[in-house]
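Colleague: Starting off with a structure, shown below.
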Amino acid sequence: MHAHAQTHHHPGMLPGQLRCTVSIGRPLDEVIHIKVELSSLNCRKSMSNYSIRKCASVASSELTSRTNVLLVRQNLLTPGNGIVFTYKSQKNTKRNCDVQLFSPSGQFENPTTSDTNHTCRVLINAPPSVKIRIQALHIGLLFNASPIFYLVFLVQIRDTNVLKTNVFKGQQLFLWHSSGNMAEIEFHGDYLHTEGSFRLSCPTVHPLQPGQTWQHSSPHSC
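When the count follows the working numbering, it moves up by one through the sequence shown with no breaks and lands on 223 for the last residue.
Structure below.
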């Protein structure tokens, strides 16, 4: 796949009011290569020397993502400033353990890998009209009280819509809600090497109506 995209300031917005994000997603066995063809960014003199150098070098920059999702985000301060870039997908030469889910609801367990330098993710893509609720049902690892241990054996859930990450560690079951229809769960430590050590349910729910609140379920039901 090969395509063209651009970021720019909307003429109806005042300076400092707009943050533009372009999200590019491809199948799990692909990565994304991006090349900036044109830049009209205003590399202002008020910037630090380091920032000016980075800004000036954008026009000729290229990069290849490590995963199948790439986010391009720009804080747009003045009209007419932005970039034009092309991107293309290519097969990922490195095997990974990521899993992508499109089902509106269900249960899943932590993916595993023998690679000690890699993490595993579960990517959830729900229909646009619903949000995601992730509920931890079972944590099968035994933990000791070492703070270092807790830093290594953890689960991260990323709310893709707002680019916010929550970290869960220890054996406490949790309930998490998304702000949009996409989420990423990333596993670390022994979760990567022990099948069935973490089990979650993922029922998708429709957006709340005015006056409604989230209803917390029991740890073993949706």
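Don't be surprised by glycine CBs; every beta carbon is placed ideally from N, CA and C.
Between the Cα of glycine 141 and the Cα atoms of Gly171, Ile125, Val100, Cys121, which residue gives the shortest distance?
Modeller: Gly171
Colleague: Applying the 10 Å Cβ sphere with the 16-neighbour rule, what's the burial state of glutamine 210?
Modeller: Note that glutamine 210 has pLDDT 46, beneath the 50 cutoff, so the model's placement of it is unreliable and the number below is only indicative. Exposed is the call here.
Colleague: For my contact list, leucine 138 and serine 202 are in at a C-beta cut-off of 8 Å; report their separation, rounded to the angstrom.
Modeller: 6 Å
Colleague: Taking just the CA atoms, how far does aspartate 116 sit from aspartate 99?
Modeller: Within the model, the alpha-carbon separation for aspartate 99 versus aspartate 116 is close to 13 Å.
Colleague: Take leucine 29 and list the residues in its own chain whose beta-carbon comes closer than 7 Å to its own, dropping the five residues that flank it on each side.
Modeller: These residues qualify, in order along the chain: Asn69, Asp99, Gln101.
Colleague: Starting from the C-beta of serine 24, find all residues in its chain whose C-beta is less than 6 Å away, skip the five residues before and the five after it, and write them out in chain order.
Modeller: The beta carbon of serine 24 sits closer than 6 Å to the beta carbons of Leu72 from its chain, once the five residues preceding and following it are set aside; these are given in chain order.
Colleague: With H, G and I counted as helix, E and B as strand and the rest as coil, what does DSSP make of arginine 74?
Modeller: Residue state, collapsed to three classes: strand.
Colleague: Can you tell me the Cα-Cα spacing of phenylalanine 86 and cysteine 56, whole angstroms?
Modeller: When rounded, the separation of the alpha-carbon atoms in phenylalanine 86 and cysteine 56 is 15 Å.
Colleague: Could you have a look at aspartate 116 and say whether DSSP puts it in helix, strand or coil?
Modeller: coil
Colleague: Do three or more CB pairs link the stretch 103-114 to the stretch 162-182 at distances below 8 Å?
Modeller: no
Colleague: Return the chain-ordered list of same chain residues with a C-beta closer than 6 Å to the C-beta of serine 179, the five sequence neighbours on each side being excluded.
Modeller: If the five residues before and after serine 179 are omitted, its C-beta is found closer than 6 Å to the C-beta atoms of Lys132, Ile133, Asp160, all from its own chain and listed in chain order.
Colleague: Could you check if histidine 10 is buried or exposed, using at least 16 other CB atoms within 10 Å of its CB as the buried criterion?
Modeller: In this predicted model, histidine 10 has a pLDDT of only 47, less than 50, meaning its place in the structure is not dependable enough to derive any value.
Colleague: If you check the beta carbons only, do glutamate 63 and valine 32 fall under 9 Å apart?
Modeller: no
Colleague: Name the one or two DSSP bridge partners that phenylalanine 199 has.
Modeller: Ile140
Colleague: Between arginine 27 and alanine 184, what straight-line distance do the alpha-carbon atoms span, to the nearest angstrom?
Modeller: Spanning the two alpha carbons is a distance of roughly 15 Å.
Colleague: Only counting the same chain, and skipping five residues up and downstream in sequence, which positions put a Cβ closer than 6 Å to that of proline 112?
Modeller: Cys98, Val100, Cys121.
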